[in-house]
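A.B. asks: This structure is in structure tokens; I'll ask about it shortly.
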Amino acid sequence: MQFDNTKIADAMYQWATDLFPISRSITGDGVRQTLNYLQSINPEINIIEVPSGTKAFDWVVPDEWNIRDAYIEDSHGQKIVDFKNSNLHVVGYSEPVDKVMALHELQQHLYSLPEQPDAIPYVTSYYQRRWGFCLTEKQRSCLQPGNYHVVVDSTLQPGSLTYGEVILPGREDKEIFFSTYVCHPSMANNELSGPVVTNALLGYLKSLPERRYTYRIIFIPETIGSIVYLAKNFGQMKKNMIAGFVVTCVGDNRTYSYLPSRLGSTLADRVTEHVLKYHASEYIKYSFLDRGSDERQYCSVHVDLPVCSVMRSKYGTYTEYHTSLDDMNVISPDGLYGSYQALKKCITLLEENYTWQITCCCEPQLGKRGLYPMLSTKDSGRQVKTMMNILAYADGEHNLLQLADKINESALQCLTIIRELERHGLLVKCN
Amino acid sequence: MQFDNTKIADAMYQWATDLFPISRSITGDGVRQTLNYLQSINPEINIIEVPSGTKAFDWVVPDEWNIRDAYIEDSHGQKIVDFKNSNLHVVGYSEPVDKVMALHELQQHLYSLPEQPDAIPYVTSYYQRRWGFCLTEKQRSCLQPGNYHVVVDSTLQPGSLTYGEVILPGREDKEIFFSTYVCHPSMANNELSGPVVTNALLGYLKSLPERRYTYRIIFIPETIGSIVYLAKNFGQMKKNMIAGFVVTCVGDNRTYSYLPSRLGSTLADRVTEHVLKYHASEYIKYSFLDRGSDERQYCSVHVDLPVCSVMRSKYGTYTEYHTSLDDMNVISPDGLYGSYQALKKCITLLEENYTWQITCCCEPQLGKRGLYPMLSTKDSGRQVKTMMNILAYADGEHNLLQLADKINESALQCLTIIRELERHGLLVKCN
Amino acid sequence: MQFDNTKIADAMYQWATDLFPISRSITGDGVRQTLNYLQSINPEINIIEVPSGTKAFDWVVPDEWNIRDAYIEDSHGQKIVDFKNSNLHVVGYSEPVDKVMALHELQQHLYSLPEQPDAIPYVTSYYQRRWGFCLTEKQRSCLQPGNYHVVVDSTLQPGSLTYGEVILPGREDKEIFFSTYVCHPSMANNELSGPVVTNALLGYLKSLPERRYTYRIIFIPETIGSIVYLAKNFGQMKKNMIAGFVVTCVGDNRTYSYLPSRLGSTLADRVTEHVLKYHASEYIKYSFLDRGSDERQYCSVHVDLPVCSVMRSKYGTYTEYHTSLDDMNVISPDGLYGSYQALKKCITLLEENYTWQITCCCEPQLGKRGLYPMLSTKDSGRQVKTMMNILAYADGEHNLLQLADKINESALQCLTIIRELERHGLLVKCN
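Protein chains in written order, with numbering that gives the first Met the number 0: chain A, 0 to 430; chain B, 0 to 430; chain C, 0 to 430.
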């Protein structure tokens, strides 16, 4: 795996390209293939199977769904809708069917989007048995009265739910958490971008000479996956987690956005807001009321973990969302790389979020240490302003994040100066 | 009494019409007639007499004032100003007089409004003995030099201050308080609207199958009445009151307004703001510095009860205020009914302002309970959004009011959904 | 000394005029002459000498600098730059030199401002030995190639740092602090305005029949002076100081401005903001990040005294700043007097910032005390509004400043009414 920053962007895009055609759902072989692929890049990923029927809080792991083929054939034997062309053509979790029926009956099982006539919608029915086909409004409007042969060659039977997990130990037991989901079929921004960016972050974390914190990274099916994962790991997570991130919709290059945790002011929230403020020229801050992914579980009442979501164009807000239009053109190497960089900065800020204290009373004499321009002129004061501001707020009360927010500077920029002031003995790290 | 909502609006207007001609002041038979009329509708009202000379904090109940007749006669024996035409013609608490005097002397006793030439102003002098007449600027400008016969046939002598009081018991001793005043002569919005809306609320409260809270409702003369009432009842009120409302100027149909308590964030304040936000398309929020009615006493330093004022057009802010123009055309059945509804909503919100907690970890599976659309489509998430948001904040920390504010929904709308979630065992009320 | 307000404005301007020509720096005879002059007006000022080499936190008192003469002579023996014309012509703390050199070598020692061709810049080099001349861009551009005779007749040798200090005792040990600086050569707003306004305030404080608080007033060289002063007096200051003010750039008549303390909400901050709000039609509120004078030391981490800066046009923000253009035309009697008045109001507010409590329950009956207009008319309520508002918030919790802020009135105006209410026994001062 390549951690050269100039190449990681392309690598992520290539991974997404490779994973795109796989037919994923909340269970089944598509999830396994996806995890195997990710594991081939980061062998630390453990793949875990949870049997159908396993209880998890209010939920039960459903039967496993696999699908071999599906199509609608017209009376001339012409396959007019074919799963082989797009795995979005079949409603997720469709039960098997092999029937001939008239158009008016078939219509009850068809889904299309009149306002997006070229898009195949993404539809699922996980917990209510049914079958159905999704097609473009254009295709649908061409259907002639007559009989159609409808085939869904799927299985729905006890099996398991599959997810991937990595725990990278650090000097401290306290954990930083990343969660992304691998249950969406052929859609790029939502959701191959999350898995590939998370996989790249995993590579980055492995490459670090040492880690202060322990990292818990999971690749799960959405909702049922996070619920099952919490049912198994909640105690440990609650005890140790200092910040967590749902990584979703991070592939397009349009905007950045952030969805806060339920309580809204956890360390994860504050770090994300700080990083995005300096990383992006602007970003959208959503409300927890706009939530829609696994933060729904991580932030639920009795769970309340410090987890927020970091995104580019949020699910539900962009035209291509949950349709066949969310293809590899929606995401880009640049889009993925920007998100990867933003999350790397969150990691750095968390790892370095110490508190410092100035070692002397009053301002130190920077000049005798070569830290101050020797000649006082009209403008010289400004050159050392940031350094002076750091010294002014290094009071042992403000950690890096708070100090940087206080003086309106990027924390990562402050860190460079703090290192220099430490070298000169002017700042000392507090316990 | 009619509690059919379609008829209560007309009933309130009729009561105001009946009460309009009575000559009220802070003491005297006009107050008694008014209270007797209200009692004829709600016999639970107790009418209480407090003797002149009774001390109440810094105040003393004044002598009782009654008036039989008053007029100004010109030299031709023509009554040019006559109390029988409008009880506003006499300065409230005018001492008796029967004199002939020249115009220039009479002018010292006349009050008119140059900027509202058709309005008789409302003037009183409760604690400084004097007499006077109020008339329109038009009338005044027609007065010719000459002698005038001036008669005020009034009595000012020891008697009592009269007020009405109802205590409706509830399951809890904690009290909700309504205060309105019955000391204004023939003016409609300020102040017959308050007494008639309060009387209708009293009827509504009686009609409830059960009440959580105890209700204390009083019909008093302004200022001296609330001071006297506090002097007698403060201990009990301080111990039990959770929220109180001064009901005044609630009859016109122009706007809603709210004047907060001194401290500004009592339960009464928060309930009123929440209700008005959803009840009215907009409302005016005044400052406690704009106060002018009995909240001056209820919120005074050593008293500090949780009382705010709910109004339509606030006293002092509308053209007709404190003049003969504030007549039955200023108020309307609709205007009164809107206020009645708003205050009913405050009552419901207070009665139901419990705290709930979700019974499971993570989100519950709504689908298996028929609470979730079975087919997941692009938009289906939005349909259950409010339900999900309620579940997300039903953490045993947010009461109904706080929960509704948090998720930007009307508390009364939330209540319907909470009831359904309770039925499904997903929410449980916290003690 | 004249404390007649009509004459104090002119007196301050005269003092500045007298002090203007003196060549000041952070040490040396110019500082002594300045302090002697101020002492001739207020003999209470003690002049203190701190020997070169004395350690103060991270700093050491430098050698004393004195200068007799300095010039640049061209090859015709013409003095083209002459210290006698302006003491800004020499870089502050220039070491002695007596050399002939070619223009290109001389240029390394010249300072001018291309964008302000008529201004001599103010340049210093206290802690790095060098010499240099400042001149206008116009002068500089006329220099012809050739040899120049350069003379700085200065001494840089062990001596002392000189400052002035007054402690005016009050009834309480708690202190109010004023700090201003006397190290700038011939510049008016920055900085003769500070010393002369502070000197006038000292006169005002002496003239008071009694003082509640103790006043600590110092005239120091900037930065090294405040550091040295803190090193000697920090314990006492930390124990007693309730509010302090850096007085700088208070002479021009353009605007008012305020720079908060590091923590931003000390008593000094709140008093200054309140006073400026009512004293000036508008004022600029800077951030502590914009700091540049001795609040850098007074508010530094381990010091954290409650000190803010009160200014007219802040250093660094006006065209004439740190150049020869900051002359006696920049400041004016009016400008100085406005600042003097603002600071006097701060003093009054601090001295009178007690807490009061209303003595009765409910509103008092103002009428029987002659405090209320006897006749209640449409507008009469407004006349006593401020009095009523004071009574409404005189709860023993709000001090004068908080009460005034709460009711949106000037504290000094409230004070007059509070006095009257005290006389009537309606308010009582809390311990």
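Built from N, CA and C at the ideal position, the CB exists for glycine as well.
Note that the coordinates shown come from a computational prediction; the quantities given were computed from them, not determined experimentally.
Ordered along the chain, which non-local residues of its own chain (more than five positions away) have a Cβ less than 6 Å from that of residue 286 of chain C?
C.D. replies: To locate residue 286 of chain C, count along the third sequence from 1; it is residue 287. Cβ within range, chain order: n/a, list empty.
A.B. asks: To the nearest angstrom, report how far apart residue 0 of chain C and residue 72 of chain C are at their CA atoms.
C.D. replies: In the third sequence, residue 0 of chain C corresponds to position 1, counting from 1. In the third sequence, residue 72 of chain C corresponds to position 73, counting from 1. Note that residue 0 of chain C has pLDDT 46, beneath the 50 cutoff, so the model's placement of it is unreliable and no number is given.
A.B. asks: So for residue 225 of chain C, helix, strand or coil by DSSP?
C.D. replies: Residue numbering aside, residue 225 of chain C sits at position 226 when the third sequence is read from its first letter. Three-state DSSP puts residue 225 of chain C in a helix.
A.B. asks: Please list the terminal residues of the continuous alpha helix (DSSP H) segment that includes residue 348 of chain C.
C.D. replies: The sequence position of residue 348 of chain C within the third sequence is 349, counting from 1. Element bounds for residue 348 of chain C: 332-350.
A.B. asks: Taking the alpha carbon of residue 297 of chain C as the point to measure from, which residue in C/230, C/91, C/161 has its own alpha carbon closest?
C.D. replies: As a position in the third sequence, residue 297 of chain C is number 298, starting the count at 1. Here the closest residue by C-alpha is C/230.
A.B. asks: Chain B partners of residue 406 of chain C, CB-CB under 8 Å?
C.D. replies: The residue given as residue 406 of chain C occupies position 407 in the third sequence. Within 8 Å Cβ-Cβ: 288.
A.B. asks: Take the Cβ of residue 427 of chain A as the centre, count every other Cβ of all protein chains shown within 10 Å, and call the residue buried at 16 or more, exposed below.
C.D. replies: Against the first sequence, residue 427 of chain A aligns to sequence position 428. Classification of residue 427 of chain A: exposed, given that the 10 Å Cβ count is below 16.
A.B. asks: Just the Cα atoms here: how many angstroms apart are residue 68 of chain B and residue 44 of chain B?
C.D. replies: Numbered from 1 along the second sequence, position 69 holds the residue referred to as residue 68 of chain B. Numbered from 1 along the second sequence, position 45 holds the residue referred to as residue 44 of chain B. So the two alpha carbons sit approximately 30 Å from each other.
A.B. asks: For my contact list, residue 7 of chain A and residue 336 of chain A are in at a C-beta cut-off of 8 Å; report their separation, rounded to the angstrom.
C.D. replies: Mapped onto the first sequence, residue 7 of chain A falls at position 8. Mapped onto the first sequence, residue 336 of chain A falls at position 337. Contact flag correct, Cβ pair sits at about 7 Å.
A.B. asks: Between the segment 318-332 of chain B and the segment 11-19 of chain B, are three or more C-beta pairs nearer than 8 Å?
C.D. replies: Short answer: they touch.
A.B. asks: Looking at the unbroken beta strand (DSSP E) that takes in residue 242 of chain C, where does it start and where does it end?
C.D. replies: In the third sequence, the residue the question calls residue 242 of chain C occupies position 243. Per DSSP, residue 242 of chain C belongs to the beta strand (DSSP E) from 240-246.
A.B. asks: Taking only beta-carbon atoms, is residue 431 of chain B less than 8 Å away from chain A?
C.D. replies: With chain B covering 0 to 430 only, the question about residue 431 of chain B has no answer from this structure.
A.B. asks: Would you mind giving the Cβ-Cβ distance between residue 294 of chain B and residue 306 of chain B, rounded to the nearest angstrom? I have them listed as a contact below 8 Å.
C.D. replies: As a first step, residue 294 of chain B must be located in the second sequence, where it is residue number 295. As a first step, residue 306 of chain B must be located in the second sequence, where it is residue number 307. Sure, about 5 Å apart at Cβ, within 8 Å.
A.B. asks: For residue 87 of chain A, collect the residues of the same chain with a Cβ closer than 8 Å to its Cβ; drop the 5 residues on either side in sequence, then sort them by chain order.
C.D. replies: On the first sequence, residue 87 of chain A is found 88 positions in, with the first residue counted as 1. 119, 120, 121, 133, 184, 185, 186, 322, 323, listed in sequence order.
A.B. asks: Per the contact definition of three or more C-beta pairs closer than 8 Å, is the segment 266-281 of chain A in contact with the segment 398-418 of chain B?
C.D. replies: With the cut-off at 8 Å, the segment 398-418 of chain B and the segment 266-281 of chain A do not touch.
A.B. asks: Using only the alpha-carbon positions, how far apart do residue 341 of chain A and residue 270 of chain A sit?
C.D. replies: Within the first sequence, residue 341 of chain A is the residue found at index 342, counting from 1. Within the first sequence, residue 270 of chain A is the residue found at index 271, counting from 1. Going from the Cα of residue 341 of chain A to the Cα of residue 270 of chain A covers about 11 Å.
A.B. asks: Along chain B, which residues have their Cβ under 9 Å away from the Cβ of residue 32 of chain C?
C.D. replies: Here the question's residue 32 of chain C lines up with position 33 in the third sequence. None at all; the shortest Cβ gap to chain B is about 54 Å.
A.B. asks: Please list, in chain order, the chain C residues whose beta carbon lies closer than 9 Å to that of residue 440 of chain B.
C.D. replies: Nothing about residue 440 of chain B can be reported from this structure: the residues present for chain B run from 0 to 430 only.
A.B. asks: Using a C-beta cutoff of 8 Å, does residue 7 of chain A count as contacting chain C?
C.D. replies: For this step, residue 7 of chain A is matched to residue 8 along the first sequence. So, not an interface residue.
A.B. asks: In the segment 392-403 of chain B, which residues sit with their C-beta less than 7 Å from some C-beta in chain E, listed in chain order?
C.D. replies: Judged by its chain identifiers, the structure shown contains no chain E, and its protein chains are A, B and C.
A.B. asks: Can you list, in chain order, the stretches of the alpha helix (DSSP H) that have 4 or more residues and sit fully within the segment 8-64 of chain A?
C.D. replies: Those alpha helix (DSSP H) runs which fall completely within the segment 8-64 of chain A and span 4+ residues are 28-40.
A.B. asks: Would you say residue 155 of chain A reaches chain B, if we count a Cβ-Cβ gap shorter than 8 Å as a contact?
C.D. replies: The residue given as residue 155 of chain A occupies position 156 in the first sequence. No, residue 155 of chain A lies away from the interface with chain B (no Cβ there is under 8 Å from its Cβ).
A.B. asks: Within the continuous beta strand (DSSP E) that includes residue 128 of chain A, where are the two ends?
C.D. replies: As a first step, residue 128 of chain A must be located in the first sequence, where it is residue number 129. Residue 128 of chain A -> no beta strand (DSSP E), and no H or E assigned at all.
A.B. asks: Of the residues B/308, B/343, B/301, which one's Cα is nearest the Cα of residue 396 of chain C?
C.D. replies: Translated into the one-based positions of the third sequence, residue 396 of chain C becomes position 397. Among B/308, B/343, B/301, the Cα nearest to that of residue 396 of chain C belongs to B/301.
A.B. asks: Would you list the residues sitting across from residue 93 of chain C in a DSSP beta bridge?
C.D. replies: Residue numbering aside, residue 93 of chain C sits at position 94 when the third sequence is read from its first letter. None, per the DSSP bridge assignment.
A.B. asks: Taking the alpha carbon of residue 365 of chain A as the reference point, which residue from A/345, A/389, A/160 has its own alpha carbon closest?
C.D. replies: The residue you call residue 365 of chain A lines up with position 366 of the first sequence. If we check each option's Cα against that of residue 365 of chain A, A/389 comes out closest.
A.B. asks: Determine the burial state of residue 278 of chain C: buried for a count of at least 16 other Cβ atoms within 10 Å of its Cβ, exposed for fewer.
C.D. replies: For the purposes of this step, residue 278 of chain C is identified with residue 279 of the third sequence, where counting begins at 1. Counting Cβ neighbours within 10 Å, residue 278 of chain C comes out buried, since at least 16 surround it.
A.B. asks: Does residue 366 of chain B come within less than 8 Å of chain A when only Cβ atoms are used?
C.D. replies: The sequence position of residue 366 of chain B within the second sequence is 367, counting from 1. Yes, its Cβ sits closer than 8 Å to a Cβ of chain A.
A.B. asks: Three or more C-beta pairs closer than 8 Å, one from the segment 354-361 of chain B and one from the segment 210-227 of chain B: is that the case here?
C.D. replies: No: fewer than three Cβ pairs fall under 8 Å.
A.B. asks: Alpha helix (DSSP H) containing residue 270 of chain A: first to last residue?
C.D. replies: If you number the first sequence from 1, residue 270 of chain A lands on position 271. 266-278 is the extent of the alpha helix (DSSP H) around residue 270 of chain A.
A.B. asks: CA-CA distance, residue 348 of chain C and residue 414 of chain C?
C.D. replies: Stepping through the third sequence from its first residue, residue 348 of chain C is reached at position 349. Stepping through the third sequence from its first residue, residue 414 of chain C is reached at position 415. Roughly 9 Å separates the two Cα atoms.
A.B. asks: Using the Cα positions of residue 283 of chain C and residue 252 of chain C, report the straight-line distance between them to the nearest angstrom.
C.D. replies: The residue given as residue 283 of chain C occupies position 284 in the third sequence. The residue given as residue 252 of chain C occupies position 253 in the third sequence. So the alpha carbons of these two residues sit roughly 14 Å apart.
A.B. asks: Strictly under 8 Å for the Cβ-Cβ distance: is residue 237 of chain C near chain A by that measure?
C.D. replies: Stepping through the third sequence from its first residue, residue 237 of chain C is reached at position 238. Judged by the 8 Å Cβ criterion, residue 237 of chain C is not in contact with chain A.
A.B. asks: Output the distance between the C-alpha atoms of residue 416 of chain B and residue 410 of chain B, rounded to the nearest integer angstrom.
C.D. replies: If you number the second sequence from 1, residue 416 of chain B lands on position 417. If you number the second sequence from 1, residue 410 of chain B lands on position 411. Roughly 10 Å separates the two Cα atoms.
A.B. asks: Looking at chain C, which residues of the segment 210-242 of chain B have a Cβ within less than 7 Å of any of its Cβ atoms?
C.D. replies: If the cut-off is 7 Å between Cβ atoms, the segment 210-242 of chain B has 226, 229 near chain C.
A.B. asks: Determine, using beta carbons only, whether residue 357 of chain C comes closer than 8 Å to chain B.
C.D. replies: Indexing the third sequence from 1 puts residue 357 of chain C at position 358. It does; some Cβ of chain B falls within 8 Å.
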